[in-house]
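S.K.: My questions all concern the structure below.
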Amino acid sequence: MNSRIKKLRDQSINTKPFISIERAHLLTKFYKSSESKKVSNPVKRALAFKYIMENKSICINEGELIVGERGPSPRATPTYPEINTHSLKDLDILNSREKTAYSVSSEIKEAYKNDIIPFWRGQSIRDRIFDEVSDEWKDAYEAGIFTEFMEQRAPGHTVLDNKIYKKGFMDFKEDIRNSMDSLDFLNDPEAYQKKQELKAMDIAADAIMILAKRYSEKAAELAEKETNKKRKQELRKISETCARVPARAPRSFWEALQHYWFVHLGVITELNGWDSFNPGRLDQHLYPFYKQQLDEGSLTKQNAAELLEAFWIKFNNQPAPPKVGVTAEESGTYTDFALINIGGVKTDGTDGVNELSYLILDVIKEMRILQPSSMVQISKKGPDSFLESALKIIKTGFGQPSIFNTDAIIQELLRQGKSIEDARDGGASGCVETGAFGKENYTLTGYFNMPKVLEITLHNGYDPRTQKKIGLETGDPTEFSDFQDLVDAFRKQLNHFIDIKIEGNNIIERLYSEYIPAPFLSILTSDCIQNGKDYHEGGARYNTTYIQGVGLGTMTDCFTSIKYNVFDKKTITMKKLLQALDTNFKGEENLRQRLIHKTPKYGNDDDYADDNLKTIFDIYYEAVNGRPNTKGGKYRINLLPTTVHIYFGRVTGATPNGRKASVPLSEGISPTQGADTQGPTAVLKSASKIDHLKTGGTLLNQKFNPQLFDDEGISKLVKLIRSYFSMDAHHVQINVVSADTLRKAQKNPEEYKNLIVRVAGYSDYFCDLNKDLQNEIISRTEHREI
Amino acid sequence: MTKGLIFDIKKYAIHDGPGIRTTVFLKGCPLRCWWCHNPEGQSPQKELFYNAEKCLAGCTDCIAACPNQAITRDSTGISIDKSKCRMKEDCAGACPTGALKVIGQEISADELMKEIEKDRIFYQNSSGGVTFSGGEPLMQINFLDAVLEKCKSQYLHTVVDTCGYAPFEDFEKIMDKVDLFLYDLKTMDEEEHLKSTGVSNQLVLDNLKKLGKSAREIHVRIPLIPGFNDSLENAQKTAQFIRNIPGINRINLLPYHRAGTQKYLNLKRTPKDISPLSEDKIKRLQKIYETYDFSVKIGG
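Residue numbers (our numbering), protein chains in the order written: chain P, 1 to 786; chain V, 1001 to 1300.
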């Protein structure tokens, strides 16, 4: 990277995230104005958005090529009091907590105390949610059965398609006008509401163009004062670019990136939607500009890389909006999950990998920053060399890019009723979530703790931690005559809690639709304009609501343990097992060890265990899939945890697989930490036994030692991944393990049983090696890392 | 139906032949190389393997389970009185952590095929297959032959990793079912060979000459053991010997490593502790083989 990019990157990395009061201040000022009282809710939201765009500070950083900050300067993070009004205590916690802290100045606390909190208290979405949901919902939430995504952040989870590269906001305004003109006030009872929504979209389109105009003027002003000739030129160019986009469609690579960036800023300023926002299939969208300019000679590969790097830094400058409480537990990170998709297939189904795909991989490798996240879409039509290039970056041990199966994504979308073209244009966002980019509102609503449901089942409806009866009485487990009795009880209990979750979701969806329409996001999501409906109201072409299952590995091992030890081998009675769980295995270490070491486990390609995986998957799938949401769409499942398996573990007592109370659950669809002892092929085989195509995404984590990544090792990894994908799997993420991790593995071998290392001409399990050899490999690993 | 005795099945084996493979380790070996990194594969009998690090403090489950009172415990862990042990295996069954386990599993060809076929999709995608190693797989020739037969009827690629010490008729018996032999050569010096492995190298060298005429493919594997076969002179002699055998163009040099040390301790045997060869020495040996036009790879 050149010195300009290095400087900008350093600034981004070295600035601690801090809270900016600007947005909260402007929003509150507008909401207090008399103008806001005269209009409908959609129009009020649009006018508030416009007011912010007219008055927020403009920031052009030194040396920047792509411009625009959400806050007054890089790493500033606004608050969204209309969603969650932080209390003074929240602000103190944000300022002082050990992980993911945000600096909060005393002026901000003052402003919150005197202005923000008094105005918003009671009317924020978070307050409304806790007012409206049932006591049952609250009990289950407090027990840790599920989390609620929308209590602090708005529904988002959405990604853009290529529409903005063909249209500017002047064009969108025309579309809005056409839609308005075709409203039928004689026959359509919703015509008035639609008109309000379309009016709101029109205002929101103006708002983003106002912001761009202000940037254009600011750049021109800076150009006037600039004494360095080269920079003066650049600032003029920035000014021209911002005068062009996003009002009209981009004509060049640079304009295309700046165009997207304004759109991104608009979406993340309008609301704090989950997973920020995301350009999606960036190599596909930008390729026409790249190719044309390269052919014309008006762009070089180096120029393009520099612009992309400048663009990358803009993402890293915007940390995730601050989260507190359970929401911070389930997603404790500054990362805001903008996941750039590279590769895949084109709309016509042909291979989508192009020169720009490889250039973007180079950029990812060079930038090595948290945001944006990146992934490669591997289709059966794509070249091995593309996957190899991705693995060479993964080898450097930074966890990016993650690897996805395009062919599975397409089939998942088709199963949900998307057209083949929309499916091919789709991908994965956030962590692993499948979506029809630019055309779908797919909202993740919260994590669901399956092992906790088992704990409640084993206590006949009672939660030992909160000491409340929160579930159904599904029977005293000591009286179950066979394993099927337990399965049936668990199914009933799970359905009970899913019902509670869905009832809550359906209230929350309406609250957003009523109080917090998102007209700007609606412009960008097909077919909100044509339908005259908001994104939160079901305006999108597709509307999907997800509940994310967590702890599948732990849960499978629990079922397997009970089946094996209590019913099949009869090594222990149910009563004795339950006593051991209730005392957290106190005085029962031998039993606990037998449950861990002498009981079949998921992740070893052993059908005895994996059949239970299928049973649990089916129970969860049947409970959720196909149920109606309030937006004309359906509920679906996916299986991912972000960081919630730690929190869910903390609220779940000891489990029949030998796990002690409070220990983290398994994550994604990965086996329980350390339970997989037969190597990666066995894990992949086990994980492929669930029907990935019935989900909207599964997450599998695999750890490898860097030494497996020599040239021959990489070509075998390519085949390993291709094999997993040929079994219709969705995703795999490869962790290349550092010396530091190896040291931890040495201390806690139980958690690292499946760690494979290259020894000397052959590979072996790290924990099976003696200490000296381990030490030798650790020193070698460090050497290699230098 | 012949049953075999195996001591491990390793999946995602990526250094035992082409592609992604499953390696089956057959128990029993006619050689007793002191550097062997799979000492648990040497005896053709089942054995008890005890890992003190995994043993639960204060646990007496194995002692209680033993019908012959062969086990006692002190502060360092358990001891097994071999004169009393009748290998009933109850102790290993009772051990909650797997610290005490039986090495050696009797398995039928069909049962083994079931395991092998589990990873078929990986073999298919990577042009991989199955490798039989050990121990010395030819020591259980009838079982090996039966499994190879089944592999071939399933169109699986097969590799046999051998020390070469077996009647040539045994090689002839399986030759048509083996796509690749990984053939170990230790040293050209007969006396050294006898001293360090317990057998003469004559049969090994003769078999390789014969096998060279008819086997599909052979890769020669040479362990590099400090102070035993790491002289430049031995490398010259070995290279000259192999050069006269048709069809061998690839040599793997396998530098000695300490991976087996813990296993010796777990078998209550004493490992020899020597330092691995220097990178420099390995390179020099590699160069010698390369001057004879062999393609040489360090490692499997």
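Note that beta-carbon positions come from the ideal geometry of N, C-alpha and C, so glycine has one too.
What you are looking at is a predicted structure, and each value in this text was computed from that prediction instead of being measured.
(1) Considering Cα atoms alone, identify which of V/Ala1070, V/Asp1145, V/Thr1261, V/His1257 is closest to V/Lys1084.
(2) Tell me where the beta strand (DSSP E) around V/Glu1106 begins and ends.
(3) Hey, would you say P/Leu693 sits closer than 8 Å to P/Gly668, going by beta carbons?
(4) Quick one: what's P/Lys375 bridged to in DSSP?
(5) Please decide whether V/Thr1002 counts as near chain P, where near means a Cβ-Cβ distance under 8 Å.
(6) Taking only runs that begin and end inside the stretch 1055 to 1101 of chain V, name each unbroken alpha helix (DSSP H) of 4 or more residues, in chain order.
(7) Report the three-state DSSP secondary structure of V/Thr1162 (helix, strand or coil).
(8) Just to confirm before moving on: does the CB-CB distance between P/Thr544 and P/Gly633 stay below 8 Å?
(9) Per DSSP, which one or two residues make a beta bridge with P/Ala675?
(10) Buried or exposed for V/Glu1169, going by 16 or more other Cβ atoms inside 10 Å?
(11) Using a Cβ-Cβ cutoff of 9 Å, what residues of the stretch 694 to 714 of chain P are near chain V? List them in chain order.
(12) Nearest to P/Thr79 by alpha carbon, out of P/Arg70, P/Asn114, P/Arg650, P/Ala24?
(13) Could you tell me the boundaries of the beta strand (DSSP E) in which V/Lys1297 lies?
(14) Please give the ranges of any alpha helix (DSSP H) in the stretch 695 to 738 of chain P, keeping only runs that are unbroken, at least 4 residues long and fully inside the region.
(15) Thinking C-alpha only, which one of P/Asp188, P/Ala191, P/Val245, P/Ser402 is nearest P/Ala207?
(16) For chain V, is any of its Cβ atoms less than 8 Å away from the one on P/Leu613?
(17) Checking 8 Å against the spacing of the C-beta atoms, do P/Ile176 and P/Met201 come in under that value?
(18) Going by Cα to Cα distance, which pick from V/Gly1247, V/Pro1271, V/Lys1054, V/Arg1250 is closest to V/Arg1258?
(19) Please report the residue range of the alpha helix (DSSP H) in which P/Gly649 lies.
(20) Can you tell me which of the three DSSP states V/Lys1283 falls into?
(21) Apply the 10 Å Cβ neighbour rule to P/Gln11 and answer buried if 16 or more other Cβ atoms are within range, or exposed otherwise.
(22) Keeping to the same chain, check which residues put their C-beta closer than 6 Å to that of P/Tyr442; ignore five residues upstream and five downstream.
(23) Answer yes or no: do P/Thr85 and P/Ile117 have a C-beta to C-beta separation smaller than 8 Å?
(24) Label P/Gly539 either buried or exposed according to how many other C-beta atoms from any shown protein chain fall within 10 Å of its C-beta, with 16 as the threshold for buried.
(25) Note down, in chain order, every chain P residue with its Cβ under 7 Å from the Cβ of V/Asp1170.
(26) Since P/Lys719 and V/Gly1019 are thought to touch, with beta carbons under 8 Å apart, how far apart are those beta carbons, to the nearest angstrom?
(27) Let me make sure I understand the geometry here. Which of P/Met555, P/Thr241, P/Gly273, P/Leu271 has the alpha-carbon closest to that of P/Tyr260?
(28) Throw me the rounded Cβ distance for the P/Met367 and P/Arg4 pair, which I believe falls under 8 Å.
(29) So that I know if they touch, is there some Cβ in chain P lying closer than 8 Å to that of V/Lys1275?
(30) Determine the DSSP secondary structure at P/Ala320, reduced to helix, strand or coil.
(31) Counting contacts by CB-CB distance shorter than 8 Å, is V/Ser1126 in contact with chain P?
(32) In the DSSP assignment, what residue or residues form a beta bridge with P/Asp463?
(33) Helix, strand or coil, according to DSSP, for P/Ser551 in the structure here?
(34) Let me know the secondary structure DSSP gives V/Ser1043 once reduced to three states.
(35) How many angstroms separate the CA atom of P/Gly557 from the CA atom of P/Pro600?
(36) Please classify P/Gly761: does DSSP put it in a helix, a strand, or coil?
M.R.: Result, derived from the coordinates:
(1) Along the second sequence, one-based indexing puts residue 1084 of chain V at 84. Among V/Ala1070, V/Asp1145, V/Thr1261, V/His1257, the Cα nearest to that of V/Lys1084 belongs to V/Ala1070.
(2) On the second sequence, residue 1106 of chain V is found 106 positions in, with the first residue counted as 1. Per DSSP, V/Glu1106 belongs to the beta strand (DSSP E) from 1105 to 1108.
(3) Translated into positions along the first sequence, residue 693 of chain P becomes position 693. Translated into positions along the first sequence, residue 668 of chain P becomes position 668. Not a contact, by the Cβ cut-off of 8 Å.
(4) The residue you call residue 375 of chain P lines up with position 375 of the first sequence. Here residue 375 of chain P is Met; the residue named in the question, Lys, does not match the sequence. Paired residues: P/Asn341, P/Ser402.
(5) Numbered from 1 along the second sequence, position 2 holds the residue referred to as residue 1002 of chain V. Closer than 8 Å: no.
(6) 1061 to 1065, 1090 to 1094
(7) Counted from its first residue, the second sequence places residue 1162 of chain V at position 162. Looking at V/Thr1162 - three-state DSSP - the assignment turns out to be strand.
(8) As a working mapping, residue 544 of chain P is identified with position 544 in the first sequence. As a working mapping, residue 633 of chain P is identified with position 633 in the first sequence. Yes, the Cβ-Cβ distance between P/Thr544 and P/Gly633 is below 8 Å.
(9) By one-based count along the first sequence, residue 675 of chain P stands at place 675. DSSP lists no partner for P/Ala675.
(10) Here the question's residue 1169 of chain V lines up with position 169 in the second sequence. Classification for V/Glu1169: exposed.
(11) Leu708, Glu712, Gly713
(12) For the purposes of this step, residue 79 of chain P is taken as residue 79 along the first sequence, with counting starting at 1. That would be P/Ala24, whose Cα lies nearest to the Cα of P/Thr79.
(13) Along the second sequence, read from residue 1 onward, the residue named residue 1297 of chain V stands at position 297. If you look at V/Lys1297, you'll find it in the beta strand (DSSP E) that goes 1295 to 1298.
(14) Counting whole runs of 4 or more residues, the stretch 695 to 738 of chain P contains the alpha helix (DSSP H) stretches 711 to 726.
(15) Here the question's residue 207 of chain P lines up with position 207 in the first sequence. Nearest option by C-alpha distance: P/Val245.
(16) To locate residue 613 of chain P, count along the first sequence from 1; it is residue 613. No, no contact with chain V.
(17) As a first step, residue 176 of chain P is located in the first sequence; it is residue number 176 there, counting from the start. As a first step, residue 201 of chain P is located in the first sequence; it is residue number 201 there, counting from the start. Yes, the Cβ-Cβ distance between P/Ile176 and P/Met201 is below 8 Å.
(18) On the second sequence, position 258 is the one that residue 1258 of chain V refers to. The residue with the shortest Cα to Cα distance from V/Arg1258 is V/Pro1271.
(19) Taking the first sequence and counting its residues from 1, the one referred to as residue 649 of chain P is at position 649. From DSSP, the alpha helix (DSSP H) with P/Gly649 extends over 644 to 650.
(20) Stepping through the second sequence from its first residue, residue 1283 of chain V is reached at position 283. Of the three classes helix, strand and coil, the one that applies to V/Lys1283 here is helix, per DSSP.
(21) Position 11 of the first sequence, counted from the first residue, corresponds to residue 11 of chain P. Looking at its Cβ environment, which holds 16 or more other Cβ atoms inside 10 Å, P/Gln11 is buried.
(22) Residue numbering aside, residue 442 of chain P sits at position 442 when the first sequence is read from its first letter. Excluding residues within five positions, the ones whose Cβ falls inside 6 Å are His157, Gly435, Thr544.
(23) Walking along the first sequence from the start, residue 85 of chain P turns up at place 85. Walking along the first sequence from the start, residue 117 of chain P turns up at place 117. Cβ distance < 8 Å, so P/Thr85 and P/Ile117 count as in contact.
(24) The count along the first sequence starts at 1 and reaches residue 539 of chain P at position 539. Classification of P/Gly539: buried, given that the 10 Å Cβ count is 16 or more.
(25) As a position in the second sequence, residue 1170 of chain V is number 170, starting the count at 1. Those within 7 Å of V/Asp1170 in chain P number zero; the least Cβ separation is about 26 Å.
(26) For this step, residue 719 of chain P is matched to residue 719 along the first sequence. For this step, residue 1019 of chain V is matched to residue 19 along the second sequence. At roughly 7 Å, the Cβ-Cβ gap stays under 8 Å, so P/Lys719 and V/Gly1019 are in contact.
(27) Taking the first sequence and counting its residues from 1, one reaches residue 260 of chain P at position 260. Residue P/Thr241 is the option with its Cα nearest to P/Tyr260.
(28) As a position in the first sequence, residue 367 of chain P is number 367, starting the count at 1. As a position in the first sequence, residue 4 of chain P is number 4, starting the count at 1. So it is not a contact: roughly 13 Å between Cβ atoms.
(29) For the purposes of this step, residue 1275 of chain V is identified with residue 275 of the second sequence, where counting begins at 1. Looking at the sequence provided, one finds Ser at residue 1275 of chain V rather than Lys. False, the Cβ-Cβ gap to chain P never drops below 8 Å.
(30) Here residue 320 of chain P is taken as the residue at index 320 of the first sequence, counted from 1. Coil, per DSSP.
(31) Position 126 of the second sequence, counting from 1, holds the residue named residue 1126 of chain V. Answer yes: the Cβ-Cβ gap between V/Ser1126 and chain P drops below 8 Å somewhere.
(32) Reading the first sequence from its first residue, position 463 is the one you call residue 463 of chain P. Paired residue(s): P/Lys468.
(33) Translated into positions along the first sequence, residue 551 of chain P becomes position 551. With the sequence shown as reference, residue 551 of chain P is identified as Gly, and Ser is not the correct amino acid for it. Three-state result, P/Gly551: coil.
(34) In the second sequence, the residue the question calls residue 1043 of chain V occupies position 43. DSSP places V/Ser1043 in coil when its eight states are reduced to three.
(35) Residue 557 of chain P sits at position 557 when you count from the first residue of the first sequence. Residue 600 of chain P sits at position 600 when you count from the first residue of the first sequence. At residue 557 of chain P the sequence reads Asp, which differs from the Gly that was named. About 8 Å.
(36) To locate residue 761 of chain P, count along the first sequence from 1; it is residue 761. Confidence at P/Gly761 is low in this model, with a pLDDT of 33, below 50, so the placement of that residue is unreliable and no value is reported for it.
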